[in-house]
Amino acid sequence: MTMSQQHASAPSEGLSFPRLHARTQRFSLGVPRGFTVSPDGLRVVFTRSGSGTDLTHALWVLDLPADGGAPAERVVAEPSVLLAGAGEELSAQERARRERSREGSAGIVAYAVDAAVERAAFALSGRLFAAGLRSGEVRELPVPGPVLDPRPSPDGRWVAYVSGGALRVVGADGSGDRAVAVPEDPHSTYGLAEFIASEEMGRDRGFWWSPGSDRLLVARVDDRAVGRWWIADPARPDREPQRVAYPAAGTPDAEVRLFLYGSDGSGRTEVVWDRDRFPYLARVHWSAAGAPLLLVQARDQRSQLFLEADPATGAVSVVRAEEDPAWLELLPGVPARTPDGRLVRIGDETGARALAVGDRTLTDAALHVRAVLDAGVDDVLVSASAGAAAAAPETGEAHVYRVSAAGAERVSEGPGWHTAVRSGAVTVLVSARPEVPGAVARVLRDGVEAAVIASYGAEPPLRARPVLTEAGERRIPCAVLLPSWYEEGRGPLPVLMDPYGGPHGPRVVASHHAHLTSQWFAEQGFAVVVADGRGTPWRSPAWEKAVLRDFSVALDDQVDAVRALAGRFPLDLGRVAIRGWSFGGYLAGLAVLRRPDVFHAAVVGAPVTDWRLYDTHYTERYLGTPEAEPGVYAAQSLVTDEGLAAAEGPARPMMVVHGLADDNVVVAHALRLSSALLAAGRPHEVLPLSGVTHMTPQERVAENLLLLQVDFLRRSLGAGHQPGGRG
Numbered sequence: 002m003t004m005s006q007q008h009a010s011a012p013s014e015g016l017s018f019p020r021l022h023a024r025t026q027r028f029s030l031g032v033p034r035g036f037t038v039s040p041d042g043l044r045v046v047f048t049r050s051g052s053g054t055d056l057t058h059a060l061w062v063l064d065l066p067a068d069g070g071a072p073a074e075r076v077v078a079e080p081s082v083l084l085a086g087a088g089e090e091l092s093a094q095e096r097a098r099r100e101r102s103r104e105g106s107a108g109i110v111a112y113a114v115d116a117a118v119e120r121a122a123f124a125l126s127g128r129l130f131a132a133g134l135r136s137g138e139v140r141e142l143p144v145p146g147p148v149l150d151p152r153p154s155p156d157g158r159w160v161a162y163v164s165g166g167a168l169r170v171v172g173a174d175g176s177g178d179r180a181v182a183v184p185e186d187p188h189s190t191y192g193l194a195e196f197i198a199s200e201e202m203g204r205d206r207g208f209w210w211s212p213g214s215d216r217l218l219v220a221r222v223d224d225r226a227v228g229r230w231w232i233a234d235p236a237r238p239d240r241e242p243q244r245v246a247y248p249a250a251g252t253p254d255a256e257v258r259l260f261l262y263g264s265d266g267s268g269r270t271e272v273v274w275d276r277d278r279f280p281y282l283a284r285v286h287w288s289a290a291g292a293p294l295l296l297v298q299a300r301d302q303r304s305q306l307f308l309e310a311d312p313a314t315g316a317v318s319v320v321r322a323e324e325d326p327a328w329l330e331l332l333p334g335v336p337a338r339t340p341d342g343r344l345v346r347i348g349d350e351t352g353a354r355a356l357a358v359g360d361r362t363l364t365d366a367a368l369h370v371r372a373v374l375d376a377g378v379d380d381v382l383v384s385a386s387a388g389a390a391a392a393a394p395e396t397g398e399a400h401v402y403r404v405s406a407a408g409a410e411r412v413s414e415g416p417g418w419h420t421a422v423r424s425g426a427v428t429v430l431v432s433a434r435p436e437v438p439g440a441v442a443r444v445l446r447d448g449v450e451a452a453v454i455a456s457y458g459a460e461p462p463l464r465a466r467p468v469l470t471e472a473g474e475r476r477i478p479c480a481v482l483l484p485s486w487y488e489e490g491r492g493p494l495p496v497l498m499d500p501y502g503g504p505h506g507p508r509v510v511a512s513h514h515a516h517l518t519s520q521w522f523a524e525q526g527f528a529v530v531v532a533d534g535r536g537t538p539w540r541s542p543a544w545e546k547a548v549l550r551d552f553s554v555a556l557d558d559q560v561d562a563v564r565a566l567a568g569r570f571p572l573d574l575g576r577v578a579i580r581g582w583s584f585g586g587y588l589a590g591l592a593v594l595r596r597p598d599v600f601h602a603a604v605v606g607a608p609v610t611d612w613r614l615y616d617t618h619y620t621e622r623y624l625g626t627p628e629a630e631p632g633v634y635a636a637q638s639l640v641t642d643e644g645l646a647a648a649e650g651p652a653r654p655m656m657v658v659h660g661l662a663d664d665n666v667v668v669a670h671a672l673r674l675s676s677a678l679l680a681a682g683r684p685h686e687v688l689p690l691s692g693v694t695h696m697t698p699q700e701r702v703a704e705n706l707l708l709l710q711v712d713f714l715r716r717s718l719g720a721g722h723q724p725g726g727r728g
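Add 1 to the 1-based position in the sequence shown for our numbering, that's all there is to it.
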């Protein structure tokens, strides 16, 4: 069955919500994504799997005829055809890359294109493929593998890729394969992002083509100084543990240097900056509008430089220097250049995140800019939300704006979570709304709808009913979800707080699918509250930076939110539980240990319990280093004597859940928490997940994990089975 036939099937009938939620990867399969628009406006490239339960993504093109004819979709590259029906095989490096990006699907999960968007390159099962996006011709290029991160040159004549830690270049016709940069020893690689760049900085690549296609900027990573940890699988004692380089807080990072090479491997020139003062290479931008731009940060992230590199000599000049007493946030899409060469950046100068182009700041405190989506000749397309000075709150909303010297004009319409991709006159506007399942990808030409890209996503068996609101004096953004069967007069419901609650993790969003799991918990008989307190993004810089040296303010806002909402919703404050994963797991553990007067049970998923065991770039941004701030680390910990000493009042039940294969938040966090709780005589249960990483993509694991949480919460809160069942 081909992909075009597959999407017509309905394989989800009769499945429970937990099973379908797992099988559809949170209803993300079958949904188009990864859009690229050609500069001539004639093609939109994207990936999409064949149905809402199909893991394997194919490469698609939407043709937009210049003569105004009907748009048409066509599949360009289908993995089952290219692999002749064989299963996909992933190298350890590719699995690690997908873990960093939280990618759980298969097939063509990423691709890159040339400047004209006429040629695409992608890796599939460690092999290199090039596709003609006009002709639809796909060929495998005979190169050594496994292949990582292939990228065509801007002129489309070459493809650069990484294999065996070396950066290589091959002709788009498969000829002339050659090594450009070869690692000197087992500790070094060329062309790949280091762990903290891909995990924490939002930089997932390590090489960049010149606009003229004749040179490459290549990152060299040397991790010999980074500490080594072992990730074992106790369920398989016959297997050797995996040895990984992990830069824990206060320990050495990988050394990152940047070199210019000719595309034939000639003329190696180092780009030299003060790496002792600014060791973090956060961003690289190289376009036809000017010389390469670098954004480098100090290790404490309180100062950073925008640098321009001379492609001939490697010498750098400072374009702009920035400092902040807390930290400087890294944001998507910046730095960039306008087509006439002006610097595009986002700064904190107005009390909100503001867009600046050249020497002009173009937005004020009424708009909080989240990302730059495209820098055009006359305007800049951005993602933004209502700022602190906005006329009215827009809880959970994200909109697309066109910003110019004349002001900011909203492109997206209606409450929702909107984003976009643009090139020239064509924009792909993707809109999700709180009351409507799924998201719609509309293709606009000069602002007029030209097409809608089809989605094959599965239909959820329930409808999320989030009430988006604000709570308390600090106007904490919240979503409240009640059971669909709840009727006024039934009395208060046991409460489940369901936050992430930390940096970079918004949960209160104006999107239906974002609240499906919370709604399912509500159907089991809970009033579910999701609160984005201080420390979460996109309210204001001051809101985010309130957690500097003290994560406990995030807990304070969970307490304030549930108490403030109790007067407006049927919340039983005598039965309040909390669940979370990662930072949310830390917050859940903190809640029952520090505030048992408010929280009566917790599901503590993959928690960071000892911040000395988490990575440098994330942890040191908020807490400093363990050497300089030992008291801060001790106070934020769930397992140190100082951390447990703050636990007062009755002991509350905890379910601690952790994947044994997690290489981001390693299972030592959960084990140390369990040991500390046992020593303190505090009741808890531990659920180890064999073979599971920081994601939980395995279908049965994800399904049963939801069911076990419900059983634990009912036992712990004395909440009986309610109408609505398990769904």
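Beta carbons: idealized from backbone N, C-alpha and C, even for Gly. No experiment lies behind these values; they were computed from the predicted model shown.
Item, Value
"Leu363 vs Val404 beta-carbon contact at 8 angstroms", "yes"
"Beta carbon of Pro33 nearer than 8 angstroms to that of Phe47", "yes"
"Glu628 - DSSP class collapsed to helix/strand/coil", "coil"
"Straight-line gap, Asp224 to Ala255 (C-alpha atoms, nearest Å)", "4 angstroms"
"Residue closest to Val577, alpha-carbon to alpha-carbon, out of Pro654, Ala543 and Leu708", "Pro654"
"Whole-angstrom C-beta distance between Leu714 and Val702, which should lie under 8 angstroms", "That belief does not hold up - the Cβ atoms of Val702 and Leu714 are roughly 19 angstroms apart, past 8 angstroms."
"Coil, strand or helix - His137 by DSSP", "The residue asked about is misnamed: residue 137 is Gly in this sequence, not His. Reduced to three states, the DSSP call for Gly137 is coil."
"Strand pairing of Arg535, partner residues [DSSP]", "Thr537"
"Assigned exposure category for Trp231 - 16 Cβ within 10 Å defines buried", "exposed"
"Alpha-carbon to alpha-carbon, Ala376 and Leu445", "17 angstroms"
"C-beta contact flag for Arg221 and Ser264 at 8 angstroms", "no"
"Thr314 burial status per 10 Å Cβ neighbour count (16 or more: buried)", "exposed"
"Local Cβ density within 10 Å of Ser717, reported as buried at 16 or more and exposed below that", "buried"
"Val358 - DSSP class collapsed to helix/strand/coil", "strand"
"6 angstroms CB neighbourhood of Gly207 in its chain, flanking five on each side removed", "Gly192, Leu193, Ala194 and Ala220"
"Beta-bridge pairing of His400 - partner residues as DSSP gives them", "Ala385"
"Rounded separation between Ser164 and Pro145 - CA only", "7 angstroms"
"Inter-stretch contact at 8 angstroms, needing at least 3 Cβ pairs: the segment 58 to 78 / the segment 125 to 133", "yes"
"Whole-angstrom distance between Asp64 and Asp611, CA atom to CA atom", "52 angstroms"
"Selection from Ala451, Leu672, Pro684 and Ser456 that minimises the alpha carbon distance to Val441", "Ser456"
"Pro153 burial status per 10 Å Cβ neighbour count (16 or more: buried)", "buried"
"Arg244, enclosing alpha helix (DSSP H) - first and last residue", "Note, Arg244: premise wrong, no alpha helix (DSSP H); beta strand (DSSP E) at Gln243 to Ala246."
"Simplified DSSP assignment, three categories, for Met696", "coil"
"Beta strand (DSSP E) runs wholly inside the segment 492 to 531, at least 3 long, in chain order", "494 to 498"
"Alpha-carbon spacing of Val297 relative to Val285, whole angstroms", "9 angstroms"
"Pairwise C-alpha distance: Gly105 and Arg99", "7 angstroms"
"For Val604 and Gly526, the rounded distance between their alpha carbons", "17 angstroms"
"Three-pair Cβ contact test at 8 angstroms for the segment 176 to 189 versus the segment 258 to 272", "yes"
"Bounding residues of the beta strand (DSSP E) (the contiguous stretch that carries Leu438)", "Inspection of the sequence shows that residue 438 is occupied by Pro rather than by Leu. From DSSP, the beta strand (DSSP E) with Pro438 extends over Val437 to Arg446."
"Start-end ranges of the beta strand (DSSP E) lying completely within the segment 126 to 189, minimum 3 residues", "128 to 133, 139 to 142, 149 to 153, 159 to 164, 167 to 172 and 179 to 182"
"Ala107 beta carbon less than 8 angstroms from that of Thr57", "yes"
"Assumed close pair Pro493, Asp573 - CB separation to whole angstroms, cut-off 8 angstroms", "4 angstroms"
"When Ser214, Ala451 and Thr54 are compared against Gly69, the one with the closest alpha-carbon", "Ala451"
"7 angstroms Cβ shell around Arg240 - same chain, five flanking residues per side excluded", "Asp234"
"Gly581 to Cys479 span [Cα, whole Å]", "15 angstroms"
"The beta strand (DSSP E) enclosing His797, as first and last residue numbers", "A question about residue 797 goes unanswered here, because the residues of the chain that appear run from 2 up to 728."
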